[in-house]
Amino acid sequence: MKFLFKVSGLIDAFNGCVGQGIKWLILAAVLLSAGNAIARKAFHTGSTAFTEMQWYLFSGVFLLGAGYAFLKNVHVRIDFVSSRLSARSRSWIDIAGIVVFLAPLCLLLIQLSWPLFVKALYSGEMSSSAGGLIRWPVFLLLPLGLALLLLQSASELIKRIAFLRGLISDPLANSQEGKASPEKIQADNSPSEVR
Numbered sequence: 619m620k621f622l623f624k625v626s627g628l629i630d631a632f633n634g635c636v637g638q639g640i641k642w643l644i645l646a647a648v649l650l651s652a653g654n655a656i657a658r659k660a661f662h663t664g665s666t667a668f669t670e671m672q673w674y675l676f677s678g679v680f681l682l683g684a685g686y687a688f689l690k691n692v693h694v695r696i697d698f699v700s701s702r703l704s705a706r707s708r709s710w711i712d713i714a715g716i717v718v719f720l721a722p723l724c725l726l727l728i729q730l731s732w733p734l735f736v737k738a739l740y741s742g743e744m745s746s747s748a749g750g751l752i753r754w755p756v757f758l759l760l761p762l763g764l765a766l767l768l769l770q771s772a773s774e775l776i777k778r779i780a781f782l783r784g785l786i787s788d789p790l791a792n793s794q795e796g797k798a799s800p801e802k803i804q805a806d807n808s809p810s811e812v813r
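Residues in the sequence shown are numbered consecutively from 619, following the working numbering.
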């Protein structure tokens with residue numbers, strides 16, 4: 619199980635770095651959006667390429683940020699239901715959700731979106747708008763974002779199973795301060811509790 623904890627910690631660290639990088643994408647998207655608005659309103663000019671770049675940046679934020687959102691436990695939950703459940707019940711629901719829905723859906727969508735990216739890359743597909751951008755970078759965001767989400771789901775699965783086996787404390791209990799890595803969760807437990 620120690621090996622799986624290390625894998626989980628590496629996935630968490632990687633998605634954490636991606637999440638930190640996404641903050642810069644948000645800043646770039648906001649600045650580009652403001653610049654586009656000023657250019658359109660003040661100077662009566664606009665650029666299709668800048669507008670599409672804005673869309674690409676927003677797409678990157680949401681698609682690449684899905685794994686980070688799962689890591690930080692800020693994805694949508696029905697809180698008034700889950701708050702009434704025990705930690706073990708929440709973990710079982712998360713495990714079922716990951717195994718039955720999230721992981722298969724990510725795998726299917728990666729399989730379906732990868733050929734679109736490859737086709738756009740090799741054909742040099744461009745936007746249908748005059749002055750638009752090439753399409754392959756935005757097509758790459760979908761399988762890449764889904765892969766990050768799939769990796770994070772594997773990390774969360776490891777943590778939920780370890781919690782149910784009594785190896786670590788509840789990983790969701792740490793989500794109020796930002797979710798802790800398996801190493802931090804293990805460090806918070808006394809050595810006699812970690813097997």
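Glycine is no exception: its CB is placed at the ideal position from the N, C-alpha and C atoms.
CA-to-CA distance, residue j to residue i, given in whole angstroms
{"i": "residue 674", "j": "residue 650", "result": "11 Å"}
{"i": "residue 768", "j": "residue 722", "result": "9 Å"}
{"i": "residue 736", "j": "residue 754", "result": "8 Å"}
{"i": "residue 682", "j": "residue 699", "result": "28 Å"}
{"i": "residue 790", "j": "residue 646", "result": "32 Å"}
{"i": "residue 788", "j": "residue 781", "result": "6 Å"}
{"i": "residue 727", "j": "residue 660", "result": "42 Å"}
{"i": "residue 603", "j": "residue 708", "result": "What is shown of the chain runs 619 to 813, which leaves residue 603 out entirely."}
{"i": "residue 684", "j": "residue 662", "result": "36 Å"}
{"i": "residue 669", "j": "residue 654", "result": "7 Å"}
{"i": "residue 627", "j": "residue 692", "result": "18 Å"}
{"i": "residue 738", "j": "residue 704", "result": "48 Å"}
{"i": "residue 644", "j": "residue 652", "result": "12 Å"}
{"i": "residue 642", "j": "residue 677", "result": "13 Å"}
Buried versus exposed call for residue i [16 or more other C-beta atoms within 10 Å across all chains shown]
{"i": "residue 776", "result": "buried"}
{"i": "residue 764", "result": "buried"}
{"i": "residue 635", "result": "exposed"}
{"i": "residue 729", "result": "exposed"}
{"i": "residue 740", "result": "exposed"}
{"i": "residue 680", "result": "exposed"}
{"i": "residue 639", "result": "exposed"}
Nonlocal neighbours in the same chain, by C-beta distance under 7 Å from residue i, ignoring five residues either side
{"i": "residue 720", "result": "771"}
{"i": "residue 658", "result": "664"}
{"i": "residue 714", "result": "none"}
{"i": "residue 702", "result": "none"}
{"i": "residue 716", "result": "771, 774, 775"}
Those residues which DSSP pairs with residue i across a bridge
{"i": "residue 752", "result": "744"}
Spatial neighbours of residue i in its chain, beta-carbon cut-off 8 Å, leaving aside the 5 residues before and after
{"i": "residue 731", "result": "757, 760, 761, 764"}
{"i": "residue 748", "result": "666"}
Top-ranked residue by Cα proximity to residue i, from the options
{"i": "residue 620", "options": "790, 779, 791", "result": "779"}
{"i": "residue 688", "options": "701, 652, 633, 785", "result": "633"}
{"i": "residue 744", "options": "684, 652, 671, 638", "result": "671"}
{"i": "residue 690", "options": "629, 668, 623", "result": "629"}
{"i": "residue 712", "options": "622, 642, 639, 773", "result": "773"}
Neighbourhood of residue i by C-beta distance below 6 Å, restricted to the same chain and skipping five residues each side
{"i": "residue 808", "result": "For residue 808, the predicted structure reports a pLDDT of 44, less than 50, and the residue's modelled location is therefore unreliable. The matter cannot be settled from this model."}
{"i": "residue 637", "result": "686"}
{"i": "residue 724", "result": "764, 767, 768"}
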